[in-house]
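S.K.: Going letter by letter, the sequence shown gives residues 1 to 122 in the UniProt record's numbering. Don't be surprised by glycine CBs; every beta carbon is placed ideally from N, CA and C.
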Amino acid sequence: MRMNSWQKEVTLLGKKVQIFICQTDCGVQLLIAGGDRSHIGSVSIADEQSNLVSHVFDGHRDNVISDQWAKVLSQKWKVPVVVSVGIHYDSITPQEIQFVVETMTQLLHEIVQDTRFSPCEC
Numbered sequence: 001m002r003m004n005s006w007q008k009e010v011t012l013l014g015k016k017v018q019i020f021i022c023q024t025d026c027g028v029q030l031l032i033a034g035g036d037r038s039h040i041g042s043v044s045i046a047d048e049q050s051n052l053v054s055h056v057f058d059g060h061r062d063n064v065i066s067d068q069w070a071k072v073l074s075q076k077w078k079v080p081v082v083v084s085v086g087i088h089y090d091s092i093t094p095q096e097i098q099f100v101v102e103t104m105t106q107l108l109h110e111i112v113q114d115t116r117f118s119p120c121e122c
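1. Going by beta carbon distance, what residues of the same chain come within less than 6 Å of residue 128, once the five residues before and after it are set aside?
2. Exposed or buried, residue 43, counting other C-beta atoms within 10 Å across all chains shown (16 or more means buried)?
3. Buried or exposed: residue 104, going by 16 or more other Cβ atoms within 10 Å of its Cβ?
4. Please return the same chain residues whose Cβ sits closer than 6 Å to the Cβ of residue 19, not counting the five positions on each side in sequence.
5. With 16 other CB atoms within 10 Å as the buried threshold, where does residue 59 fall?
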């Protein structure tokens, strides 16, 4: 049995956002949360073929990030990926939302390139 976990923390708009990654023998679970209030706003699941299923809680738009991360990581590693996201900022502007989304995309690409995150073997 193999289970590895990693944590990454970044500061966006003056608040911490944490990324928790748990890699099992045959799949990856991520939690991305932070800002002014961490929570679960969306959950996205992508299978080995990158088929995507999402649940977005009322009033949330966190699936913009969770969908992207689930699809990209399942394509890269060819395993099921579950991504839960909850990033909230009080009084955030549209420009700040764009900054958060762009920064999270950059972080996703960093993780894809990081050799610690080797593909699972199913």
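M.R.: With the given structure in hand:
1. Only positions 1 to 122 of the chain appear in this structure, which leaves residue 128 out of reach.
2. For this step, residue 43 is matched to residue 43 along the sequence shown. So residue 43 counts as buried.
3. Here the question's residue 104 lines up with position 104 in the sequence shown. Residue 104 should be labelled buried.
4. Translated into positions along the sequence shown, residue 19 becomes position 19. Result list for residue 19: 8, 32, in chain order.
5. Walking along the sequence shown from the start, residue 59 turns up at place 59. The residue is exposed, with fewer than 16 neighbouring Cβ atoms inside 10 Å.
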